[in-house]
Structures are given as C-alpha cells and as structure tokens.
Amino acid sequence: MSTGQDGETGGMVNSAAVDLKLEVVVVPVADADRSKAFYAGLGWRLDADFSYENGFRVVQFTPPGSLCSVQFGTKITGAPPGSAHGLYLIVSDVHAGREELMSRGARVSEVFHSGAPGAQLDPEGTSGRVAGPDPDHKSYSSFATFEDPDGNSWLLQEVTERLPGRLDPAITSFNSAGDLAVALRRAETAHGEHEKRIGRADPDWPDWYAEYMVREQSGRELPA
C-alpha cells in the first residue's frame, strides 16, 4: 500500500483510502422546464426538482441502469447552454438503444463507427463517421448520437465486453436486468461450446456460468 507525505502537516496519508465515486454531471441548459420535459420523455428517472428563493433550481435525472446522474436548472453553472458534448451513454446493443430513444421522441443519428481515432466525437455529417456498426462488431466501436433541445450532445457507445482492468476484479455487478441478460447469453453461447468439447451435458452448468461471468467482467482468462 502506497503512502504519501502530507504537505501541510508533515503526516503520512494513505493515497488509496478514499473512494471517489462520480455522482453527477451538470448539463448547461437555457430552459429548465423544457429540459425537464425532454429528459422525462426519454424515460429517465426524475430524482429531484428543488427551487430556492434566490432563483437557484436543481433538477436531477438518472438514465436507466446508470450509477451517475445529470443535473441542470438555473444558477447551477456558468457554462453556455448546449456546450456539453461527448456525454457517453453505454448500451449493450446500439441498435436497440437507438430504437428505444427514437420511440420516445429523440432524433438519433444512424448507427456508425469511427473512421479514425476520436472521430466518434465529430459532428454529425462529417467524414470521420462511417455508416453502419463496426464491421467486426468490436466492443467500444459502434455509436449513435442525439442532442437535447439546447444542443448538448449524447453519444451511445456499444460495449459488449469490458477491457481488462476496467472493473474491480473483486466485484461482479450489473447495472440493469438488460446487462445481466446479455452477459447470460454470452455465457450460454460459451457453455454450449464447452459441452461440445466434453461431449456431454454439463450438470454443473450454474457453477460454470457463474465462473465465466465473474472472469469475463474482471478481464481474467475465461474457463475452457
């Protein structure tokens, strides 16, 4: 465990003792009521809407399955309305995510992949966006975008398998029933190959599924 010198007191402090959990991202908007109607229409959970006598107002929404929320309102940020760009929303199926948002009234771009590193953050209609999902269906590589009424831009990114080291190996968790279902389907497919290799039905399949899903999420070698 590493420690460091406290510059003010001269004492030793533990540099890895405190969790820092990203809780909220502030989105700059011009009209809080208009934005509230938009995000409610997307089916996001309304957590709070508090107003104060000095004109300060905070509205908070949480996207389905997200551990991080968004806030907007009045007197909440000095950033110009519509200046938030590249806000990532992770989905297990970019086509399904796009269809869901469109069914709720959002104008969503066609699914695309990046023709060059970082091109997914380029504006719609630029040459760096290549039509269609990633040809090899690689995780992190297929996208779609949409904007809120002020022009704050959101980026759907399809993630089907996390990079090694991206998640705490001691914790296995899923943010939604949809994410869990996708992980179960991947385990089912892998287990079918496992049964072909052993030449029989595996009565211990629940244990195999569990081990596969834990290892997959932590980036460890998958069971044979």
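The numbering used here numbers the first residue of the sequence shown as 190 and each following residue consecutively. The C-beta atom is built at its ideal place from N, Cα and C for all residues, glycine as well.
Considering only residues of the same chain and omitting the five flanking positions on each side of residue i, which have a CB-CB separation below 7 Å?
i	result
Ile279	Gln346, Val348
Asp236	Gln249, Phe250, Thr251, Ser258
Glu384	Ala390, Asp391
Arg234	Phe250, Thr251
Trp397	His380, His383, Asp391, Pro412
Taking the beta strand (DSSP E) that residue i falls in, what are its first and last residues?
i	result
Glu242	Segment: none, Glu242 is in no beta strand (DSSP E) and carries neither H nor E.
Gly262	258 to 263
His302	301 to 303
Arg246	246 to 251
Ala320	318 to 320
Glu336	331 to 336
Leu278	276 to 280
Val213	213 to 215
For residue i and residue j, what's the separation of their Cα atoms in angstroms?
i	j	result
Thr334	Leu344	5 Å
Ala376	Tyr401	6 Å
Val283	Val297	11 Å
Leu310	Ser342	9 Å
Leu211	Ile387	45 Å
Ser322	Phe245	It should be pointed out that residue 322 corresponds to Pro in this sequence rather than to Ser. Looking at the two C-alpha atoms, the distance is approximately 42 Å.
Gly294	Val300	17 Å
Asp264	Glu289	First, the residue type needs correcting, since residue 264 is Lys and not Asp in the sequence shown. Answer to the nearest angstrom: the Cα atoms are 32 Å apart.
Ser303	Ser331	8 Å
Val207	Ala285	37 Å
Ala366	Leu256	14 Å
Pro324	Val247	42 Å
Ser240	Leu373	44 Å
Gly317	Ala308	5 Å
His326	Glu242	52 Å
Val319	Glu336	19 Å
Lys225	Asp238	9 Å
Arg287	Arg223	22 Å
Asp393	Ala219	57 Å
Does the separation of the CB atoms of residue i and residue j fall below 8 Å?
i	j	result
Pro306	Phe227	no
Pro217	Thr266	yes
Leu411	Ala390	no
Arg351	Gly408	yes
Ser281	Val403	no
Ala221	Phe261	yes
Gly271	Gly314	no
Gly232	Asp368	no
Over what stretch of residues does the alpha helix (DSSP H) that includes residue i continue unbroken?
i	result
Arg223	221 to 230
Val283	283 to 292
Going by beta carbon distance, what residues of the same chain come within less than 8 Å of residue i, once the five residues before and after it are set aside?
i	result
Thr361	Met402, Val403, Gln406, Ser407
Ala268	Val215, Pro217
Phe363	Leu369, Ala372
CB-CB under 6 Å to residue i, same chain, minus the five flanking residues each way: which ones, in chain order?
i	result
Ser328	Val348, Thr349, Glu350
Met291	Val297
Tyr277	Leu344, Gln346
Pro395	none
Ala399	none
Inset, instruction - Only counting runs of 4 or more residues, tell me where the alpha helix (DSSP H) segments fall wholly within the region 340 to 396, in order along the chain. - result: Segments of the alpha helix (DSSP H) lying fully in the region 340 to 396: 366 to 387.
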